[in-house]
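Here the sequence shown stands for residues 32 to 224, where the numbers follow the working numbering. Scroll down for the structure; my scribbles are underneath it.
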Amino acid sequence: MVPAVIAGLGNPGTVYAQTRHNTGFHVLDALASRARATFRVDSLANGLAAKATLGGRVAWLVKPLTYMNDSGTCVSAHLQFYKLPVEGLLVVHDDINLALGAVKLSVGGGDGGHNGLTSILQHLPNTFARLRIGIGGKHWPGQDLADHVLGKFTDEEQTILANHTAFYVQGIETWLAKGTSITQNFINRKPTQ
């Protein structure tokens, strides 16, 4: 079976740790832990990468260090270096249009205002899979969107996210083993809090 690339989106540095926009990094860390894989600096693509076997398939776990707005350079470089098709890419990212903790697997579609997806779409065809992790919308109508996504989760929100992380990891393993359609039937439901 052809290897896959699982890219989790976020921003590097401790100032962004635990922010809503780093949900992709959070899920990739859990995935690496499950696979007992270790991230190493990949200077070629300006990211962190770990080789893992999950769902019976080899997968490169990638966390871009390019900052969100330039995620596409790192993600596309990995696909090119390993000569992998874009259909073998799964991008894990936060989504303000889904309730906190909810998850949805989709293929194609717009960027939804997500700068990381905008960057990836500038480098790759729009045929890759996305695992969208709900972080909930703005807390009040006038709140600046950047303040919301770059804000840290409250303790209660962190607990909700932590309680669902194993389900996200299970969904990614299912995608690796069985593909998109079967995984959509499994994962595209609203988890209970």
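From the three backbone atoms N, C-alpha and C, an ideal C-beta is built for every residue, glycine too. Remember, it's a predicted structure, so these values are computed and weren't measured experimentally.
Simplified DSSP state of residue i, which is helix, strand or coil
{"i": "His-170", "result": "coil"}
{"i": "His-124", "result": "strand"}
{"i": "Asp-73", "result": "strand"}
{"i": "Thr-84", "result": "strand"}
{"i": "Thr-97", "result": "coil"}
{"i": "Ala-61", "result": "helix"}
{"i": "Ala-155", "result": "The sequence shown places Leu at residue 155, rather than the Ala named in the question. In this structure, Leu-155 counts as coil in the three-state DSSP scheme."}
{"i": "Arg-51", "result": "helix"}
Cβ pair residue i, residue j closer than 8 angstroms
{"i": "Leu-207", "j": "Leu-85", "result": "yes"}
{"i": "Ile-127", "j": "Val-93", "result": "no"}
{"i": "Pro-34", "j": "Leu-115", "result": "yes"}
{"i": "Ala-68", "j": "Ala-81", "result": "yes"}
Assigned exposure category for residue i - 16 Cβ within 10 Å defines buried
{"i": "Asn-42", "result": "buried"}
{"i": "His-52", "result": "buried"}
{"i": "Gly-202", "result": "buried"}
{"i": "Leu-176", "result": "exposed"}
{"i": "Ile-166", "result": "buried"}
{"i": "Ala-193", "result": "exposed"}
{"i": "Ala-90", "result": "buried"}
{"i": "Leu-110", "result": "buried"}
{"i": "Met-99", "result": "buried"}
{"i": "Leu-75", "result": "exposed"}
{"i": "Asp-73", "result": "buried"}
{"i": "Gly-139", "result": "exposed"}
{"i": "Val-63", "result": "It should be pointed out that residue 63 corresponds to Ala in this sequence rather than to Val. Flag for Ala-63 reads buried."}
{"i": "Gly-141", "result": "exposed"}
Cβ shell of residue i (< 6 angstroms), same chain only, five flanking positions each side left out
{"i": "Val-123", "result": "Gly-39, Gly-55, Val-58 and Leu-162"}
{"i": "Leu-96", "result": "Pro-43, Asn-77 and Gly-78"}
{"i": "Val-106", "result": "Ala-38 and Ile-151"}
{"i": "Leu-155", "result": "Ser-107 and Val-117"}
{"i": "His-179", "result": "Lys-169"}
Close beta carbons around residue i, own chain, < 7 angstroms, minus the five adjacent residues each side
{"i": "Asp-101", "result": "Ser-150"}
{"i": "Lys-135", "result": "Leu-129, Arg-163 and Asn-219"}
{"i": "Lys-183", "result": "Gln-49 and Thr-50"}
{"i": "Gly-143", "result": "Asp-126 and Asn-128"}
For residue i, the nearest candidate out of the options (CA to CA)
{"i": "Asn-157", "options": "Val-117, Lys-135 and Arg-51", "result": "Val-117"}
{"i": "Thr-211", "options": "Arg-67, Phe-159 and Gly-103", "result": "Phe-159"}
{"i": "Arg-65", "options": "Ile-213, Lys-209 and Val-200", "result": "Val-200"}
{"i": "Gly-103", "options": "Asp-186, Lys-209 and His-145", "result": "His-145"}
{"i": "Gly-119", "options": "Met-32, Gly-141 and Phe-217", "result": "Met-32"}
Sequence-distant residues of the same chain with beta carbon closer than 8 angstroms to residue i, five excluded per side
{"i": "Thr-205", "result": "Gly-86, Ile-213, Thr-214, Phe-217 and Ile-218"}
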